[in-house]
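J.:
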Amino acid sequence: MRYSVQILFTLLLATTIAYSQVNSNVLKRQAEILIKEGRYKEAIDQLHKFIAANPQLAEGYHLRGLCYETTTEYQYSVLDLRRARRLDPSNKQIQIDLNRVISTWHALLYKKIEGHKRDIAVDPDYAFSYLEIGKSYRWLEEWSNAELWYDEYLKRDDNASPDEIIRYTEILAKTGSIVKGERILKKYVDRYPDDWRLWSRYGYFTLWLSKTRIAEDAFKKALSFKPFFKEAEDGLDQARNQAYLLQYQPRAYEKVYPIDRFTSILQRDPENTQIRYNLINELIAANRYEEAYQQLQILQTSQSDNDEFKSLLKTVTDYRDSTFNNAVTFYTEIFKRDPTDKQAVIKLAEAYSNLFYFDNAIEILSEYLENIPEDQDLDARFLYSKYCAWNYEWERSISQLNKLLQYDPNNLDYQLLRGQIAVWTVLDFDIAEKYLLNVVSNRPNEIHAYISLASMYSWKKNFPEARKYLDIAKSIAPNDPEVETAESNYAIHLSAYEEQLVFEIKAEAGRYVDDGNCEEARNKYEEYFSKRTAPTRDELREYADIVACTKDFPKAIEIYDKLLNDEFDYRLAVQRARIYYYNKDSLMAVSELESLQKIKPDDDELNLFLADAYAVTDQPAKADKIYRDLISKAENDQELKDLNKRLVFLGEYYIRNKELERADELFEELLELPDNSYIKKDIDLRRMYLADAYTLEGEYGRAEDIYDELLESTTDTSEVRILKQRLSWIPPSGFSRGISSIGNFLYGFIPTNVGLAPFTNYYSDNQNLKLWSYGLRLDAGIFGFLGIGGYWGRTNIRTDLFNRNFTTIKGILSIYFSPLVSLSGSYGILTALGEPNKNIGDITFRYEKPESFSVAAYYENNDARLILYSPTLINIRYKSELYRITGYYQLKDLMRISGFYSYYKLSDKNEGNDFQLRIGKKFFDNAYFGYEYFFSDFAFISTYYYSPQEFDSHSLWCEYSWNYGTSLKGNFGGKLGYVPKADFVISEIYAEAVYNLIKYLNISGRIGFSNSFRYDAGYRSFSASLSAYWSLF
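Under the numbering used here, the first residue of the sequence shown is numbered 2, with each subsequent residue one higher.
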């Protein structure tokens, strides 16, 4: 009878233990899969749960420690590996891994210490560096050094946080500096009187100094803020000489009623953890261990770290293990007497499986089934297949299941297990789907089938279907731990899938970079960042490189600043200095590069950039010294050629700096090189610039000598023409030549009428661009319909760093077909120091009926710098072609419609257009009010000049004209508008006047101020012009 009761009880306990083992092993298997996929953070989450379920196993801590090593969280890695070593001291691999992690971690900590020591050398008062060194020594367990550096930290930062003081007192406890610790804690409990941790720690330090009364008060103070604070409770017991005193509180005991009451409460409130603990205690007291075990499984997810949970779990599992071991002993004796006793075989195998000894269970069943025909004892064969599956022997399990399904194809248990194995192995999803769907259609409450279907569809990334079956499982058993695990797995798969989609965006950005499409790469990276909460340092570095590739240098510098503020990196600092250089902030580039050179004075790459920066900041002598030093160390011909090319360009900077003799010497030196063919053309071009500079300095003989030398060495006809032209510009000398020149001038001066028009213009903006032009235009009329003339103008463009002068000389021809129709054009050359001459010109066709209607078509070919006012364009020579149509229409002196359309075509392959339309109405004499629409769009945004995309504005404008007698006319007006795309208000105001000084002399002037939007910020400009027209005869 006694054995019968034991057998019956064993059967009851065996019904649930298998699921717990599977759940625990599934957690470990999921973690191993995630580790293989490189998803270590998610693997750590799974290992948390595995360790909670198996705190006595070293393998969980070992795996988690290796994951922490990969994620560089070395302190946690060391902690886990030490725990694993304590649980399994004979495992040599754990010791090897622990030694490796400690070696790597300590090396990094020493490097970190050296880095902060360098920071201290730069700024000895920066307290953070001392703190980080102290923390590093603490991790190294070098307590004396840690105490020393924490002392230095507190000297410089009197506002340390309670966390830092807690860490500091741990160090002081290790070094035995109890008196010092008590003094410091007294100071900080006064400063932070509400921090119970400081009060508790103060209590211990005073207790160690035998100040029992003070210690007792400190512990009470801590407990007044944080009741049941274990550290303070223990300290208070020690202060009262009551340490380790156990008190037993008697209570009433009822065998049945409390279980029923707690069960009833949990049915209404399943999340009430304390009631569930009470129920478990009552079940244990009533010897209902299997029910207690089931309740503990429900608490496992949320309470695995709770000491009470661990204690109860140990009590229950010890009892269950004892029961199953007894069953093993009992049925083993029967099996030895009769190996063919099927009942004993099954009971013995089940007992082994409940103890997680699957190998033993499989061996017993295998031995029994060897002598049984395949079509018999299918229930024993199914057990064998199930235990093989739980022991990860998938092939043996599948082989047996396939045979079982042949003999009984409609058996739902066989189908369920076969489907589960297909899901667990992530293989044969078609088989899994077929069998599992059949199971749920015949067993609507089969929770394991729903969980497997949810897992399968999660693997297949069919998340709506997975969610559907998971919800069904939750509705059947909302508190089942396996459902919670399935929910967690679903979340992992969904998160991984979303993460995969996000990383695909990053991969696409990489492909765009490989193709050289930096703009699209940047867009993709920004899309990627919008889906990531915390991009890594390497990702930010890659993004900064891409942003720099798009020429958005300010944004790239901003990113580099952030990275370097977080952690100094030499190569990153060099890259930032390069971007300063590319952003035309050469002075900042020089400052950064000089600082970095002090760190690595032998870095040739950095020195090369520093030399380039010296050159553009008017320090050519410093650049010259570095170039020559690098030439002396050049290892191959290509490096030598590249450096000689830089010397050629350096000569141009000598010219700009007016060190003409040094430039001449440098060019002569380069021309004497044995093989100078690869730089000869560049040298000749810059020698021509040198001759131009000599001309401007009045050293005409030197200039003429260089021009003659260049003429002797060149065979290109266009270059010959340019050189002869420059020779002709050298001022004439000698009396006869002067007389001849005057005669030629007077010979051509025979017009029917002559007009002289001097002019000057000024423009400046808030981007430090200043433009001033002045010149003279001479017109002469011949035959009544033909006009000829000439134009000379000088334009100066200036920024904070650069200054450029341009000279324009053009001939003008006009044809007047009628008083209303005319065609005019001009053609000439544009010269600038250091640049070849440029042919320019324009042509205009106009039809105008004064005060009624006008339309004009205009074309101009010129240098972009004289059309697109931009400070960053000053040293870049782009060809610009402008096509424009303008016009207005006056309707019966009441309404006026005007506008223009412009098309720009530039040599950098950019093109764009402007469009303006104005509609105004006359509200009173000489005054118009109206609406203006303006639109501007370019093919791409250039970093060198303003080239917006899809920019538009809507404005209200007004204009008022007035006359003062017959000699003075004036006009002033303005506009106020809004830019929707930028949410910005724009404005403009201007005034202009024409004054007839004498009968044949008119003077015109205009002044204006504009406030608009450019480059993502406000753009303000001021313009003024003054001109005169004098009709000589």
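Just so it is clear, CB atoms sit at the ideal spot from N, CA and C, and this is done for glycine as well.
1. Within 10 angstroms of its Cβ, does residue 301 collect 16 or more other Cβ (buried), or is it exposed?
2. Is it true that the CB of residue 64 sits closer than 8 Å to the CB of residue 50?
3. Considering only the alpha carbon of each residue, which of 175, 162, 421 lies closest to residue 188?
4. Below 8 Å CB to CB, which residues in the same chain sit around residue 547 once its five sequence neighbours on both sides are set aside?
5. When DSSP labels each residue in this structure, what does residue 1021 get in the three-state scheme?
6. State whether the region 289–304 contacts the region 325–340, with contact taken as three or more CB pairs (one from each stretch) at a distance under 8 Å.
7. Go through its chain and collect everything with a Cβ distance to residue 627's Cβ below 8 Å, but skip five positions before and after it.
8. Between which two residues does the beta strand (DSSP E) carrying residue 962 extend?
9. Do you know how far the Cα of residue 914 is from the Cα of residue 648?
10. In whole angstroms, give me the CA-to-CA distance for residue 764 and residue 844.
11. Indicate whether residue 385 and residue 370 have their beta-carbon atoms separated by less than 8 Å.
12. What does the Cβ neighbour count give for residue 1018, buried or exposed, with the cut at 16 atoms within 10 Å?
13. Between residue 600 and residue 645, is the Cβ-Cβ spacing less than 8 Å?
14. Excluding the five sequence neighbours on either side, which residues of its own chain have a C-beta within less than 7 Å of the C-beta of residue 867, listed in chain order?
15. How is the beta strand (DSSP E) around residue 928 delimited, first residue to last?
16. Exposed or buried, which one is residue 729 when buried takes at least 16 other CB atoms within 10 Å?
17. What does the Cβ neighbour count give for residue 963, buried or exposed, with the cut at 16 atoms within 10 Å?
18. What does a CB cutoff of less than 7 Å around residue 409 pick up in its chain, not counting 5 residues either side in sequence?
19. For residue 775, name the three-state secondary structure that DSSP assigns.
20. Please work out which residues of its chain come closer than 7 Å, Cβ to Cβ, to residue 748, disregarding the five sequence neighbours upstream and downstream, and give them in chain order.
21. Apply the 10 Å Cβ neighbour rule to residue 924 and answer buried if 16 or more other Cβ atoms are within range, or exposed otherwise.
22. Alpha carbon to alpha carbon, how far is residue 1007 from residue 699?
23. According to DSSP, is residue 427 helix, strand or coil?
24. Among all the DSSP beta bridges, which residues are the ones paired with residue 181?
25. Between the region 857–876 and the region 926–946, do at least 3 Cβ pairs fall closer than 8 Å?
26. Which two residues bound the contiguous beta strand (DSSP E) that contains residue 789?
27. My parser needs the beta strand (DSSP E) runs of 3 or more residues fully inside the region 802–833; what are they?
28. Would the region 466–486 count as touching the region 448–457 if we require 3 or more Cβ pairs under 8 Å?
29. Kindly identify the DSSP beta-bridge partner or partners of residue 864.
30. Could you tell me the distance, in whole angstroms, from the CA atom of residue 93 to the CA atom of residue 604?
31. Use the C-beta contact count for residue 706: other C-beta atoms within 10 angstroms, 16 or more gives buried, fewer gives exposed.
32. Taking DSSP as the reference, what is the three-state secondary structure of residue 258?
33. Could you spell out the range, first to last residue, of the beta strand (DSSP E) harbouring residue 907?
34. Can you tell me whether DSSP reads residue 843 as helix, strand or coil?
35. Check residue 331 in the structure and name its three-state DSSP category.
36. Give the list of continuous alpha helix (DSSP H) stretches no shorter than 4 residues that lie fully inside the region 553–594.
T.: Reading from the atomic positions:
1. Around the C-beta of residue 301, 16 or more other C-beta atoms lie within 10 Å, and the residue is accordingly described as buried.
2. With respect to the 8 Å criterion, residue 50 and residue 64 are not classified as neighbours on the basis of their beta carbons.
3. When each option's Cα is compared against that of residue 188, the closest is 162.
4. When the five nearest sequence neighbours on each side are left out, the beta carbons in the same chain lying within less than 8 Å of the beta carbon of residue 547 are those of 510, 514, 519, 522, 523, 526, in order along the chain.
5. Three-state result, residue 1021: strand.
6. Flag = no, the region 289–304 and the region 325–340 do not touch.
7. In the same chain as residue 627, and ignoring 5 residues on each side of it, the C-beta atoms closer than 8 Å to its own belong to 608, 609, 611, 612, 615, in chain order.
8. 952–965 is the extent of the beta strand (DSSP E) around residue 962.
9. So the alpha carbons of these two residues sit roughly 41 Å apart.
10. About 25 Å.
11. Yes; because the gap between Cβ atoms is below 8 Å, this pair is in contact.
12. Residue 1018 counts as exposed, since fewer than 16 other C-beta atoms from the protein chains shown sit within 10 angstroms of its C-beta.
13. In this structure, residue 600 lies away from residue 645, with their beta-carbon atoms at least 8 Å apart.
14. The answer, listed in chain order, is 796, 807.
15. Looking at the DSSP string, the run of the beta strand (DSSP E) that includes residue 928 is 928–939.
16. Burial call: exposed.
17. Exposed is the label assigned to residue 963, since fewer than 16 other Cβ atoms lie within 10 Å of its Cβ.
18. Contacts found: 379, 415.
19. Of the three classes helix, strand and coil, the one that applies to residue 775 here is strand, per DSSP.
20. The predicted model places residue 748 with a pLDDT of 39, which falls under 50 and marks its position as unreliable, so this point remains unresolved.
21. With fewer than 16 other Cβ atoms from the protein chains shown falling within 10 Å of its own Cβ, residue 924 counts as exposed.
22. Cα atoms of residue 1007 and residue 699: separation of roughly 37 Å, rounded to the nearest angstrom.
23. In the three-state reduction of the DSSP assignment, residue 427 falls in the coil class, being assigned neither a helical nor a strand state.
24. The partner list for residue 181 (beta bridge, DSSP) is empty, contrary to what the question assumes.
25. The region 857–876 vs the region 926–946: in contact.
26. For residue 789, the enclosing beta strand (DSSP E) starts and ends at 787–799.
27. Entirely contained in the region 802–833, the beta strand (DSSP E) runs reaching 3 residues are, in chain order, 804–817, 822–833.
28. Yes, the region 466–486 touches the region 448–457.
29. Looking at the DSSP assignment, residue 864 forms a beta bridge with 880.
30. Roughly 45 Å between the two C-alpha positions.
31. Under this definition residue 706 is an exposed residue.
32. Note that residue 258 scores a pLDDT of 47, beneath 50, so its modelled location is shaky and nothing firm can be said.
33. That run of the beta strand (DSSP E) goes 896–907.
34. Residue 843 falls in the strand class under three-state DSSP.
35. Three-state result, residue 331: helix.
36. Entirely contained in the region 553–594, the alpha helix (DSSP H) runs reaching 4 residues are, in chain order, 554–567, 571–583.
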